[in-house]
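Residue 57 in my numbering sits at position 57 of the sequence shown, and the numbers go up by one each step.
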Amino acid sequence: MKTTELKPDNKWVLACSGSKNMLLQLLAGEAAFCISDTAPPDDSPYHYMPSGVLIPVSAPTKVWVRSTRTYKQDTLIIVSETE
Numbered sequence: 001m002k003t004t005e006l007k008p009d010n011k012w013v014l015a016c017s018g019s020k021n022m023l024l025q026l027l028a029g030e031a032a033f034c035i036s037d038t039a040p041p042d043d044s045p046y047h048y049m050p051s052g053v054l055i056p057v058s059a060p061t062k063v064w065v066r067s068t069r070t071y072k073q074d075t076l077i078i079v080s081e082t083e
């Protein structure tokens, strides 16, 4: 399938493995993303993911995502392969 859902908690999850060009979109909740070859540490700096905005990711970039909410687990990110 070329489009999948991610429902991350407050731990980093690999959203883009770097093997393909991808699109990320935050649909619900609050999330952060980080570019790293390996899982970032919990205290790693990150970018806030804007809601509803398509974020293109080109291979070989690896992107990690996590929810920034600690009180509610409703974060939903859509990930799509573009090639």
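Note that beta-carbon positions come from the ideal geometry of N, C-alpha and C, so glycine has one too.
Indicate, with yes or no, if the ligand NAD has a heavy atom lying under 8 Å from the CB of K7.
Questions concerning the ligand NAD fall outside what the structure shown contains, since it holds no ligand whatsoever.
With C-beta atoms as the reference, is I78 less than 9 Å away from L14?
Your numbering for residue 78 matches position 78 in the sequence shown. Your numbering for residue 14 matches position 14 in the sequence shown. In this structure, L14 does not lie closer than 9 Å to I78 by Cβ.
Using a 10 Å radius around the Cβ and a threshold of 16 neighbouring Cβ atoms, would you call S67 buried or exposed?
Counting from 1 along the sequence shown, the entry for residue 67 is found at position 67. S67 is buried by the Cβ-count criterion.
Using beta-carbon positions only, say whether N10 and P56 come within less than 9 Å of one another.
Here the question's residue 10 lines up with position 10 in the sequence shown. Here the question's residue 56 lines up with position 56 in the sequence shown. Result no, Cβ atoms of N10 and P56 do not sit closer than 9 Å.
Roughly how far, in whole angstroms, is the beta-carbon of W64 from the beta-carbon of P40, given that I think they are within contact range, below 8 Å?
As a position in the sequence shown, residue 64 is number 64, starting the count at 1. As a position in the sequence shown, residue 40 is number 40, starting the count at 1. Sure, about 6 Å apart at Cβ, within 8 Å.
Got a sec? Which residues, its chain only, sit under 6 Å from W12 by beta carbon, not counting five neighbours each side?
On the sequence shown, residue 12 is found 12 positions in, with the first residue counted as 1. Within the same chain, W12 has close Cβ partners A39, P40, W64, R66.
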